[in-house]
Amino acid sequence: EDQVTQSPEALRLQEGESSSLNCSYTVSGLRGLFWYRQDPGKGPEFLFTLYSAGEEKEKERLKATLTKKESFLHITAPKPEDSATYLCAVQARDSGGSNYKLTFGKGTLLTVNP
Amino acid sequence: GAVVSQHPSRVICKSGTSVKIECRSLDFQATTMFWYRQFPKQSLMLMATSNEGSKATYEQGVEKDKFLINHASLTLSTLTVTSAHPEDSSFYICSARQGAAREDQPQHFGDGTRLSIL
Numbered sequence: 095e096d097q098v099t100q101s102p103e104a105l106r107l108q109e110g111e112s113s114s115l116n117c118s119y120t121v122s123g124l125r126g127l128f129w130y131r132q133d134p135g136k137g138p139e140f141l142f143t144l145y146s147a148g149e150e151k152e153k154e155r156l157k158a159t160l161t162k163k164e165s166f167l168h169i170t171a172p173k174p175e176d177s178a179t180y181l182c183a184v185q186a187r188d189s190g191g192s193n194y195k196l197t198f199g200k201g202t203l204l205t206v207n208p
Numbered sequence: 002g003a004v005v006s007q008h009p010s011r012v013i014c015k016s017g018t019s020v021k022i023e024c025r026s027l028d029f030q031a032t033t034m035f036w037y038r039q040f041p042k043q044s045l046m047l048m049a050t051s052n053e054g055s056k057a058t059y060e061q062g063v064e065k066d067k068f069l070i071n072h073a074s075l076t077l078s079t080l081t082v083t084s085a086h087p088e089d090s091s092f093y094i095c096s097a098r099q100g101a102a103r104e105d106q107p108q109h110f111g112d113g114t115r116l117s118i119l
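Residue numbers (the working numbering), protein chains in the order written: chain H, 95 to 208; chain Z, 2 to 119.
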């Protein structure tokens, strides 16, 4: 069964303190790995798509990387407005093998203190 | 671009009531839309895939007679929770991919509907 595991569950940082979030996955036929940001009471906001090992994407203070088994979301010099839950999701074939399905991890709750 | 609107944002109703949730793609057409359910501190769980002009595909364990999905146009999908009970209380979120985008393209999400059944 496909699994997506995110760590840590929660992370507290001081403003300016860089760190990384992890997403490890075990899937068959990966078609893409997606990072989303979710604010309380809101739907996920799309950040990045990664397709193959070695690929990197950047957006402001965020940088996502991908290996064959995991992805990292690096946050450089975070600000309080970066506080949110960060979700990782993988698009891969479902258990039946005929359809593709997006499977989410439980997320990492990031809190950045001023 | 790629804005998905979901309405209503919150519903509180009595047990036995049927509730309809709308999901609209505002600036693009969506052949396929998706309905998810999220419990506190849990991941989003796919309930069903909604295909324009055809029947929805439900995930294992999701009652199709309880959760009715209609995708009547390229910009609108609706989820109706029939005869809702307290255990149906949850956060329901829809998403859509642009046009006939392939499965390796991102889904864009609405802001969800908080359903509370008393």
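C-beta: ideal position from N, C-alpha, C; glycine also.
{"Item": "Looking at chain Z, which residues of the stretch 125–149 of chain H have a Cβ within less than 8 Å of any of its Cβ atoms?", "Value": "R125, G126, F128, Y130, G135, K136, G137, P138, E139, F140, T143 and Y145"}
{"Item": "Mind the definition here: the stretch 119–139 of chain H touches the stretch 178–190 of chain H only if three or more C-beta pairs lie below 8 Å; say whether that holds.", "Value": "yes"}
{"Item": "Note down, in chain order, every chain Z residue with its Cβ under 9 Å from the Cβ of H:K200.", "Value": "K42, Q43 and S44"}
{"Item": "Would you verify that the beta carbon of H:Q185 is, or is not, closer than 8 Å to some beta carbon of chain Z?", "Value": "yes"}
{"Item": "Span of the beta strand (DSSP E) holding Z:N71?", "Value": "F68 to S74"}
{"Item": "Enumerated in chain order, which unbroken segments of the beta strand (DSSP E) with a length of 3 residues or greater are wholly contained in the stretch 112–147 of chain H?", "Value": "113–120, 126–132 and 139–144"}
{"Item": "Taking 7 Å as the limit between beta carbons, can you name the residues of its chain near Z:K56, skipping five residues before and five after?", "Value": "none"}
{"Item": "Evaluate H:G201 with the Cβ neighbour count: other Cβ atoms within 10 Å of its Cβ, from every protein chain shown; 16 or more gives buried, anything less gives exposed.", "Value": "buried"}
{"Item": "Sorted by chain position, which residues of the same chain lie with C-beta nearer than 6 Å to Z:R115's C-beta, five sequence neighbours on each side aside?", "Value": "R11 and F92"}
{"Item": "Starting from Z:H8 and walking both ways along the beta strand (DSSP E), at which residues does that stretch end?", "Value": "V5 to H8"}
{"Item": "On the premise that H:L115 lies in contact with H:F166, defined as a C-beta separation below 8 Å, what is that separation, rounded to the nearest angstrom?", "Value": "7 Å"}
{"Item": "May I ask you to list, following chain order, the residues of the stretch 92–110 of chain Z that have a beta carbon less than 9 Å from some beta carbon of chain H?", "Value": "F92, I94, C95, S96, R103, E104, D105, Q106, P107, Q108, H109 and F110"}
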